[in-house]
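Below is one structure; the comments refer to it alone.
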Amino acid sequence: MSFFAALGRPEVLDLARQTHYFWALLPEIVLTLGAMLVLIVDVIHKGDRSEPSRGSIPVLTLAVLAATALANTALFGLRDVSANGMVAVDGFRTFTNFVYLVAAALCIAISMGYLERRGIMKGEFHALVLFATLGMMLMGGSRDLIMTFIGLEVMSVPIYVLVGFDRMDPRSSEASLKYFLLGAFSSGFFLYGIALVFGAVGSTNLTYIAETLGTGTDHGHERLLMAGMALTLVGLGFKVAAIPFHMWTPDAYDGAPTPVTALMSTGVKAAAFAAFVRIFAVAFADAGAQWVPVVWWLAAVTMVGANLVALTQGSVKRMLAYSSIAHAGYLLVALLSGGDTGKAAFLFYILAYTVMTAGAFGIVIANSRDGEERVTLEDYAGLGLEKPWLGAAFSIFLLSLAGFPLTAGFLGKLYILRAAVEGGQAQLAVILVLASLVSYFYYLRVIVVMYMRPARSEGWHAGAGLPLAARTAVLAACVVVVAMFFAGAVPMRWAEQSALSLWRQPAPVAASPAPASLFR
Amino acid sequence: MQQIPLEQALGLSALLFAIGAFGVVIRRNAIILFMCIELMLNAVNLAFVAFSPRSGVQGQVFVFFVIAVAAAEAAVGLAIIISVFRHKESVDIKNFSLLRW
Amino acid sequence: MLLLQEAAVHATSAAAGQAGESFAAFAPWLILALPLLGFVLNGLLSITAARRALPALPPVGDPHWDAHHEPSEQEHHAHGDDAHPAAHADDHGAHGHDAHGHGPKPATHTLPSFIAPGVLIAAFAVAVVNFLRMLAAHPETAWVHEYWSWMPVNDPTGALRVGAAIQLDQLSMLMTLVITGVGSLIHVFSVGYMKEDPGYPRYMAYLNLFVFFMLTLVLGASYPLMFVGWEGVGLCSYLLIGFWFKERANADAGKKAFIVNRIGDFGFLIAMFLLFANLGTLNFAEVMERAPAQMAFGGAVVTAVCLFFFLGAAGKSAQIPLYVWLPDAMAGPTPVSALIHAATMVTAGVYLVARSATLFTMAPVASLVVALVGTATAIFAASIGLKQWDIKKILAYSTVSQLGFMFAAVGMGAYVAGVFHLMTHAFFKACLFLGSGAVIHAMHEALHHTHSDMDAQDVRNMGGLRRYLPVTFWTMGIATLAIAGVPPFAGFFSKDEITGAAWDGAHGQLPLAAGLAKVGIDGTLWFGLIWGALSIAAFMTAFYMGRMMIYTFFGQNRTGEEERKHLHEGSWTLTLPLVVLALASTFGGFLNVEREVPIVRWFDFGQGEALHRWLHPVLAGADQVAEANGIAGAAVEPSAVPIAVAILLGLGGLALAWTMLSRRALRTAAEEPAYANGVERVLYHKYYVDELYDRVVVRTVGWLSRLQAGFDRYVVDGLVDFGGKMSEWLGVALGRFQTGQVNTYAFAILIGVTLVLYAFVHT
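Residue numbers (the working numbering), protein chains in the order written: chain A, 624 to 1143; chain B, 4 to 104; chain C, 2 to 764.
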């Protein structure tokens, strides 16, 4: 990182000094400027004519994401010595930032061609994706509850719009309305939770909250704090789509344009989970006795319920939506498993999950046509035989989602299970195994249909396919899914280091026990 | 000047919040639903202000953030409602059930 | 072979005092790598060939499509019986269409002729270099080199370390020479025998792979590594028995071999587990070092280990009760029978026992069991061989019987005698099998000309072949004399050592006899029994071999007029290996002439008991155990009786066969009535053992399987299906909540909020 050092980056950040925020927020700054650039370029291209945007817009968007990723590397090896910075400067943030960027890039890549066919090729789409990504980065990287809330809104508002981006499609609009109403509803709960925590602890700074809870001093507002934690949990549970706060998910995922669905099920979920980890596993670590049982039940109900309902879905897109809910359950297990291994397993899984889910939605896009989305199971009959590459790629993604060996999903689940057993959550581990056993049925059913049922008619799949860029992205996702199994140790080591950094916050109150004492 | 006790302010805030939440559950008009949500946000604002004397002045600052965010949400939300209205000529959410099961 | 003799001379001088020079192995990994390389190359060729020969998909609705235009591998073995030498080259006149053979053959069918024998001969050369170095140094300890760590398991209760290590000592050296030497000859033979077969490259690939695994078996420095080779040769055996898999019988024979071997492998595994549990290691050197200290002499553990190892050996080496697969294994091509099912793989069990000599010496009861089972197998299989008509079946039962001799030897603690017989048997049995292959090859070709449906392997259909196949006749004749135990051919010396050991045992002069006495068993009676049984078996051997030779080569020719014209000797690739093996069968015995034994010492040309000295370092551990427990054998008083009896029996058997059969007018298979006599019928039907196994084992297992299948289908599947249905109902029920109404969703969230709030405030 001598490059950034040469540009004047200090070795140690002190966020008490405002100028140091420039370095702490460098990726966000690059991303914001980039998103604005995309908007401006689009407007300059089009003037006041109503016509599709040029093909250079997605390329520019990808370039902005790449620049952001580069800026993100500036955070490597940095740490913050201040007590109350608004953003976290740690490996966890760097790692999750990369995850959001990967999710956004895959979303943009698989949207190529799709937007043109649906007649919604507009530069706003790309700018909104970038702004949503900015929101994710702010939400996942914040060290202050208010900052988390603002990040959440910066992320959600563009997503509300993106879900309804296909204005001509009543399903898209309807999904957007539902998602918007329920999203705002749930962020009301989240905000109320923040207010109550603020009232109980006297600050919204996560580090401060962790220290206050860690010292164990009776602040006299136990109930206020509990209520605040509960409502915060509801808000986050909604965003990660945990049962019973999940009901918007299938509808919103189903109605949204498929690239947006991919982004929602990967980036948004990852950001919400990152905030979940920071708020609950770090800030509220010493109140674990209260929240761990609740989250335990959330995880268990989510895994079981989502997999059961997924069994009955006739639409592959909806099935993937329920699958995404089920995966939220698995990730909650990782969160509950505590300690570094749990967080490392969480990071590893979120990365694997992002790649394989986005890839799977890429195949859903490949199977769609001009006006219609071919998402029913019968639409996939014979796909594997007529389009062997698409079939093979989809099989790999589905097997990985199911957790089949030789894929990243298997290793990810293995890490979660290991962390769960080591962290004393053996019962959850058992539930996880049983639930994913059920999931095999609906994942494999798609593969069976693809390879063993004849297509509806001759040449039914003739139009299936992706443009070159999207094809490359899906292929890369495929390779990553397999490579992460064989070279799983590499990302896992990175994830472990990133997870470690989560705890290495500067601790001005020397006497305070480690925030994670509950989990060690 | 007599300060309003914290408990009373919080009670009012909770009441407003509950009214908003129940409104979301029972009302069918999308715009009224949205107003209920705004009511919830304002209940939170009240709580922030109420906590402010004890927990610090940030509480009052947060209110401005919340108002700004709510404004953004309102802009987007009303646009979405208009977009939906164009399809169905209605803002009654009962009519929106293309997506279910 | 001649090298071995030379070796004997050197060994003598080495023992005289040259020892001390340290042994440095010369790239022993090459011995393994070369056949593996051959496998890879031939495998690639066979894939290429198979892809090319893949029949094009028949165009739909075209009745004129003819599969024969694109002959796939296997196509040409749809008719005929199990052994199918490449007799198709000349049959095109009759069939009228060209399949292959005319014109230049593709490279995929010519290159293996050079690759496969080439790598083997190169491996043999490397082995010889190592052998000469070992000869010069005559190291007292084994040369072990670990190339990489294969199975390092760190466990708090005890670490398992298995390296990919090669162990070169006198025993593995000898086995390597036999495998690569005899293997090279059989590969050369295979070139002549199989080159017209459509699956030629595949065949050569399998054969190379087999040699690789066989060498892994003998060169591996630990039991797990040996087990890798053990399983690998089993796999190759399965693949080669079922080489012509289009015929169900061949595929079934392959499966039978595989399944029966599984039973043995189970024993091998259990033995390894026991060893590891008790000694904490599985490397040969460490096992042999720790065993005497950590396990009680004659104790239950070491006995169990040895018995389980023997179960494994019985499977691989076709001993009672697991011998049934070997005769069926003759379904494979004849060179395969020679290499795998006579010379090398089936002797792996003997190698295993000899390798574990220290353990077996510690377990006299287990050793006695080995000896008794070996003896029983020897006499039992020999009696079946008396009444078989299929030339390969005769040789197969003969192999089983000879393996019984070897096990009797190693069971009695006469490890050198066992290994010695293993070696000479490799020579003469390979010679016999290859000779039979040459006969079948000639018969098949002749019968093909007239499309006769006579059985080309039935000795009754042959007769008088010595005029047409002189080289084959002479070489097989020598091998027959060798197996019958006629001096001075190789089999005489090795077999004599075995019966001699039994005789000594009957007089209480074997360490094992003393060992048995120590655990309270009077062994002398048993050894007497063994000696008697082995002598009878030797007599039977001489008789059935004489019978086979007479039927095949003497008397009137019974193939028929037209066919007779086409009987002729094969190419040099067929005859050269025969000649070399016949020479080895002639002189191989001089390697280990026991100077002390009467009669035998007439044949001592100065080199003495070279093999004994050669193998001494390997068996030193066993000797130490014997000495430490005070059971080292008393000085052997050489006796002329067993030798004289052995010679008499060998010559007598041959003579009896001659007197009984040479005058009689022999009839062809079609004319010959089925056996009427009860005993004959029982022998012909191999004591109905297959039928017995079918009734007792196969059907019982089948019945249990059906029971289990029913249980599985109705109870287990029922439960699973019920679970699946329940899941689906639950899913549907839960899905009903998904009404699409925002109010419902908000209500669900509100209920969630209430529950969570309640949970938080009340804990």
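We treat Cβ as the ideally placed atom computed from N, Cα and C, and that holds for glycine.
- Item | Cross-chain neighbours of C:Val762 in chain A, by beta carbon under 7 Å | Arg846, Met849 and Ala850
- Task: Please name the residue, chosen from C:His617, C:Ala447, C:Met296 and C:Phe269, that lies closest to C:Ala415 on a Cα-to-Cα basis.
- Result: C:His617
- Take every Cβ of the segment 937-952 of chain A, pair it with every Cβ of the segment 1058-1077 of chain A, and state whether three or more of those distances are shorter than 8 Å. yes
- Message: In whole angstroms, give me the CA-to-CA distance for C:Trp1 and C:Ala397.
- Response: Since the first and last residues shown for chain C are 2 and 764, residue 1 of chain C lies out of range.
- Task: Could you say which of A:His668, A:Thr980, A:Leu1098 and A:Ala823 lies nearest to B:Pro56 if we only look at CA atoms?
- Result: A:Ala823
- Since C:Gln709 is in the alpha helix (DSSP H), which residue starts that stretch and which ends it? Arg700 to Gly711
- Message: What does the Cβ neighbour count give for C:Gln295, buried or exposed, with the cut at 16 atoms within 10 Å?
- Response: exposed
- Query: Is the Cβ of B:Ile85 closer than 8 Å to any Cβ of chain C?
  - Reply: no
- Return the residue from the list B:Ser93, B:Ile83 and B:Val52 that minimises the CA-CA distance to A:Lys801. B:Ile83
- Option in C:Ala314, C:Gly233, C:Gly412 and C:Met661 with minimal Cα separation from C:Met549: C:Met661
- Query: When you compare each of C:Gly265, C:Val303 and C:Ile341 to C:Ile321 by their alpha carbons, which one comes out closest?
  - Reply: C:Gly265
- Query: The beta strand (DSSP E) with C:Gln168 in it runs from where to where?
  - Reply: Leu161 to Leu169
- Message: Any beta carbon of chain B sitting closer than 8 Å to that of C:Leu270?
- Response: no
- State the DSSP-derived secondary structure class of A:Pro1114, mapped to helix, strand or coil. helix
- Task: Using the Cα positions of A:Thr719 and C:Gly316, report the straight-line distance between them to the nearest angstrom.
- Result: 58 Å
- Message: Quick check on A:Asp874 - is its C-beta less than 8 Å from some C-beta in chain C?
- Response: yes
- Query: In whole angstroms, what separates the C-alpha of A:Gly952 from that of A:Gly911?
  - Reply: 18 Å
- Message: Using CA atoms only, rank isn't needed, just tell me which of C:Val234, C:Met205 and C:Pro202 is closest to C:Thr217.
- Response: C:Val234
- Verify the contact flag: B:Leu13, CB atom, against every heavy atom of the ligand NAP, threshold strictly below 7 Å. Here there are no bound small molecules, and the ligand NAP is not part of this structure.
- Query: Would a C-beta distance cut-off of 8 Å place B:Phe65 and B:Phe51 closer than the cut-off?
  - Reply: yes
- Query: C:Arg134: buried (16+ other C-beta within 10 angstroms of its C-beta) or exposed?
  - Reply: buried
- Minimum Cβ-Cβ distance from A:Phe984 to chain F less than 8 Å: Among the chains of the structure shown, chain F does not appear; the protein chains present are A, B and C.
- Is any beta-carbon of chain B found at less than 8 Å from that of C:Ala747? yes
- Message: Can you tell me whether C:Phe428 is buried or exposed? The criterion is at least 16 other CB atoms within 10 Å of its CB, across all chains shown.
- Response: buried
- Do A:Tyr1003 and A:Met1073 have their CB atoms nearer than 8 Å? yes
- Beta-carbon gap between A:Arg741 and A:Asp789 smaller than 8 Å: yes
- Identify the continuous alpha helix (DSSP H) that holds A:Lys578 and give its terminal residues. Shown here, chain A extends from 624 to 1143; a query on residue 578 of chain A therefore has no answer.
- Could you give the residue range of the alpha helix (DSSP H) that holds A:Asn720? Gly714 to Ser734
- Counted within 10 angstroms of its Cβ, other Cβ atoms place A:Arg846 as buried (16 or more) or exposed: exposed
- So is A:Thr580 buried or exposed if we call it buried at 16+ other beta carbons inside 10 Å? With chain A covering 624 to 1143 only, the question about residue 580 of chain A has no answer from this structure.
- Answer yes if the segment 339-351 of chain C comes into contact with the segment 403-413 of chain C, meaning at least three C-beta pairs across the two stretches below 8 Å, and no otherwise. yes
- What separation, rounded to the nearest whole angstrom, lies between the Cα atoms of C:Glu595 and C:Leu584? 21 Å
- Message: List, from N- to C-terminal side, the alpha helix (DSSP H) runs of 4 residues or more that fit wholly inside the segment 270-327 of chain C.
- Response: 285-295 and 301-317
- Item | DSSP three-state assignment for C:His508, whether helix, strand or coil | coil
- Task: Classify B:Leu48 as buried or exposed, calling it buried when 16 or more other Cβ atoms lie within 10 Å of its own Cβ.
- Result: The amino acid at residue 48 of chain B is misidentified as Leu; the sequence shows Asn. Burial call: buried.
- Residue interval of the alpha helix (DSSP H) (run including A:Ile663): Leu649 to Lys669
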